[in-house]
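First up is the structure itself, then whatever we jot down about it.
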């Protein structure tokens, strides 16, 4: 480092202005790009997470379809393919939370906290990257399911309900993941929590069978889970215009109203969990 | 003209009534290298944490470039950069990417040229495009310091910047810090390496249990202990020996005991005066040394505790 004794570019500054909305948006883009670069930094990091949804779409859902046949008038393979979204999305978001712990323990978080950007942007950027990663997995699931023979009724409004439900579920689950990652000290402890929060709700969400097949008290619990609302809404959007799952939750006859109610519930979950995540992060980050 | 850093009555009490910093005051002028000296737990890192808005002060104020760090944290952070004690880099991406992220967050316009310049100055050219996970400790430290300089900060905070560096890089880094101040950058660093503070700091604040025990240029602090230090290793109770020397006016209040060794700053007279008087005072000296005072002596005379604790 002999050149170090030569003149280093020296500081000449004025009192720089406060950041504007534009600069904050650019910062959000930078932070999201950073998180994506860390999460999906090589082909292996991109392809490995896709293995689970592809396996489900190509092997497990068709096999279950053969075993069961139809349910609620829908080919079971298609039924399960959509239901599996409620597994893939939460699991992907929960795994993204691990990055928060790594950032804090051995990553650049101290430098990011010293940056002239509002600290909630760090949470929102991580969330943005988690949405991209889970979107890739969800896309892989749906594309490979379609290639394997799942029958989706694609309409613009149906797709909008599907995307809205997936986004709501992903944001809510990432809020949970970020909160947990900031409350838990060690990666090992966090990994132990992933099955409980990322997988267990899927069993009760009407993903594999209608919630009406469960005992009434368990069905009542299932109705308040975001995963159940998301599965019902996604299925309504892509495979079941009669909205059987939504009816099982809301018991109404107006399908648009029921879909709107489910989306509202998901937005409420997403908003609350995001706010909690930001609060927990900022309290943890600033001692 | 307002100082670049102005701290008044700054305090931090952590939960459990742990008083990390207790109402400290100091100011740092533009282009100054200001050192916070003290052992682990003295409150140095908490002070930097409050100045960089990573720690919320319990009381008092701190202003950076005129901005109150509690009320205008974004403006204060925009003027500063920090190199933390522990490595804080994204190991999964390249060094260049780390630099670019920092540059974008600090709003550096057209950062590519600046990044290339710093990569060259810090001799990172051959490794800048490799993942940071492949860097040695020294390379990583150089990257962190280069990163902190990208935004041309008005204030650079360095928290124990040379910990873990080999001697050569450490000395080169100290040279660099000096170079920076020629451009007007103000540097606040914490260290418990006394030679570092003596070498590069214009002024140092000696911190002890959250308080500033003394604050002055290193030479001034050293001159308070006179020109020579007499070290006496005694076979008897050193506290009794110290009392005897003080009673005979051969040691002042700044003399102190560490283990079996008495350290006596010698302000005037001859060293032989002390040595000659030992027998008469009943002090059995096993070993006698004289040497110039250092900041460790200053710290010990102020606090009675060793710096590198």
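Protein chains in written order, with our numbering: chain A, 1 to 287; chain B, 288 to 596. Backbone N, C-alpha and C define an ideal beta-carbon position, used for all residues, glycine too. Bear in mind that the values here come from a model prediction, so they are computed numbers and not experimental data.
Boundaries (first-last residue) of the beta strand (DSSP E) holding residue i
{"i": "residue 494 (chain B)", "result": "490-495"}
{"i": "residue 498 (chain B)", "result": "498-503"}
{"i": "residue 293 (chain B)", "result": "292-301"}
{"i": "residue 576 (chain B)", "result": "572-578"}
{"i": "residue 321 (chain B)", "result": "320-324"}
{"i": "residue 444 (chain B)", "result": "442-446"}
{"i": "residue 476 (chain B)", "result": "473-478"}
{"i": "residue 544 (chain B)", "result": "543-545"}
Proximity of residue i and residue j at Cβ, strictly below 7 Å
{"i": "residue 297 (chain A)", "j": "residue 121 (chain A)", "result": "Residue 297 (chain A) is absent from the model: chain A starts at 1 and stops at 287."}
{"i": "residue 531 (chain B)", "j": "residue 551 (chain B)", "result": "no"}
{"i": "residue 320 (chain B)", "j": "residue 442 (chain B)", "result": "no"}
{"i": "residue 347 (chain B)", "j": "residue 289 (chain B)", "result": "no"}
{"i": "residue 315 (chain B)", "j": "residue 340 (chain B)", "result": "no"}
{"i": "residue 262 (chain B)", "j": "residue 500 (chain B)", "result": "Nothing about residue 262 (chain B) can be read from this structure; chain B reaches only from 288 to 596."}
{"i": "residue 207 (chain A)", "j": "residue 86 (chain A)", "result": "yes"}
{"i": "residue 460 (chain B)", "j": "residue 370 (chain B)", "result": "no"}
{"i": "residue 494 (chain B)", "j": "residue 382 (chain B)", "result": "no"}
{"i": "residue 275 (chain A)", "j": "residue 259 (chain A)", "result": "no"}
{"i": "residue 229 (chain A)", "j": "residue 266 (chain A)", "result": "yes"}
{"i": "residue 332 (chain B)", "j": "residue 351 (chain B)", "result": "no"}
{"i": "residue 200 (chain A)", "j": "residue 211 (chain A)", "result": "no"}
{"i": "residue 162 (chain A)", "j": "residue 50 (chain A)", "result": "no"}
{"i": "residue 226 (chain A)", "j": "residue 193 (chain A)", "result": "no"}
{"i": "residue 80 (chain A)", "j": "residue 64 (chain A)", "result": "yes"}
{"i": "residue 318 (chain B)", "j": "residue 471 (chain B)", "result": "yes"}
Beta bridge counterpart(s) of residue i as assigned by DSSP
{"i": "residue 418 (chain B)", "result": "B:381"}
{"i": "residue 552 (chain B)", "result": "B:516"}
{"i": "residue 314 (chain B)", "result": "B:293"}
{"i": "residue 367 (chain B)", "result": "B:442"}
{"i": "residue 71 (chain A)", "result": "A:74"}
{"i": "residue 188 (chain A)", "result": "According to DSSP, residue 188 (chain A) bridges with nothing at all."}
{"i": "residue 351 (chain B)", "result": "B:292 and B:354"}
{"i": "residue 346 (chain B)", "result": "B:298"}
{"i": "residue 485 (chain B)", "result": "According to DSSP, which records beta bridges pairwise, residue 485 (chain B) is partnered with nothing at all."}
{"i": "residue 308 (chain B)", "result": "B:299"}
{"i": "residue 521 (chain B)", "result": "B:572"}
Minimum C-alpha distance to residue i - residue among the options
{"i": "residue 296 (chain B)", "options": "B:518, B:320, B:329 and B:349", "result": "B:349"}
{"i": "residue 432 (chain B)", "options": "B:413, B:418 and B:390", "result": "B:390"}
{"i": "residue 533 (chain B)", "options": "B:360, B:490, B:495 and B:553", "result": "B:553"}
{"i": "residue 436 (chain B)", "options": "B:393, B:455, B:526 and B:418", "result": "B:393"}
{"i": "residue 486 (chain B)", "options": "B:375, B:497 and B:463", "result": "B:463"}
{"i": "residue 310 (chain B)", "options": "B:293, B:317, B:520 and B:303", "result": "B:293"}
{"i": "residue 588 (chain B)", "options": "B:549, B:567, B:322 and B:578", "result": "B:549"}
{"i": "residue 270 (chain A)", "options": "A:219, A:26 and A:90", "result": "A:90"}
{"i": "residue 175 (chain A)", "options": "A:272, A:44 and A:84", "result": "A:272"}
{"i": "residue 480 (chain B)", "options": "B:387, B:444, B:448 and B:438", "result": "B:448"}
{"i": "residue 581 (chain B)", "options": "B:324, B:476 and B:404", "result": "B:324"}
{"i": "residue 407 (chain B)", "options": "B:386, B:397, B:396 and B:420", "result": "B:386"}
{"i": "residue 35 (chain A)", "options": "B:376, B:536, B:307 and B:519", "result": "B:376"}
{"i": "residue 97 (chain A)", "options": "A:79, A:188, A:67 and A:60", "result": "A:188"}
{"i": "residue 37 (chain A)", "options": "A:186, A:129 and A:287", "result": "A:129"}
{"i": "residue 546 (chain B)", "options": "B:490, B:562, B:516 and B:522", "result": "B:522"}
{"i": "residue 312 (chain B)", "options": "B:334, B:301, B:300 and B:405", "result": "B:334"}
{"i": "residue 83 (chain A)", "options": "A:111, A:209, A:249 and A:104", "result": "A:209"}
{"i": "residue 300 (chain B)", "options": "B:509, B:336 and B:511", "result": "B:336"}
Residue i - containing alpha helix (DSSP H), residue span
{"i": "residue 123 (chain A)", "result": "120-148"}
{"i": "residue 158 (chain A)", "result": "156-183"}
{"i": "residue 105 (chain A)", "result": "85-106"}
{"i": "residue 278 (chain A)", "result": "255-285"}
{"i": "residue 217 (chain A)", "result": "216-223"}
{"i": "residue 21 (chain A)", "result": "21-39"}
{"i": "residue 410 (chain B)", "result": "Segment: none, residue 410 (chain B) is in no alpha helix (DSSP H) and carries neither H nor E."}
{"i": "residue 250 (chain A)", "result": "244-250"}
Residue i CB to nearest heavy atom of the ligand NAP below 6 Å
{"i": "residue 525 (chain B)", "result": "By its list of ligands, the structure shown contains no ligand whatsoever, and the ligand NAP lies outside what it can speak to."}
Checklist line | Interface positions of the stretch 371-400 of chain B facing chain A (Cβ-Cβ less than 8 Å), listed along the chain | finding: 371, 373, 374, 375, 376, 377, 378, 379, 380, 384, 385, 388, 389, 391, 392, 393 and 394
Margin query: Along the stretch 31-49 of chain A, where does the CB come closer than 7 Å to a CB of chain B? Name the residues.
Written below: 34, 37, 38 and 41
Checklist line | Near-chain A residues of the stretch 313-344 of chain B (beta-carbon distance less than 9 Å), N- to C-terminal order | finding: 333, 336, 339, 340, 341, 342 and 343
Check: Got a sec: which bits of the stretch 111-131 of chain A sit with their beta carbon under 8 Å from any beta carbon on chain B, in order along the chain?
Finding: 111, 112, 113, 114, 115, 116, 117 and 118
Item checked: Near-chain A residues of the stretch 513-540 of chain B - C-beta to any C-beta below 9 Å -> none
Margin query: Short of 9 Å Cβ to Cβ, which residues in the stretch 344-367 of chain B face chain A?
Written below: 352, 353, 354, 359, 360, 361, 362, 363, 364, 365, 366 and 367
Notebook entry, point to check: Listed in chain order, which residues of the stretch 270-286 of chain A have Cβ atoms closer than 9 Å to some Cβ of chain B?
Noted result: 285 and 286
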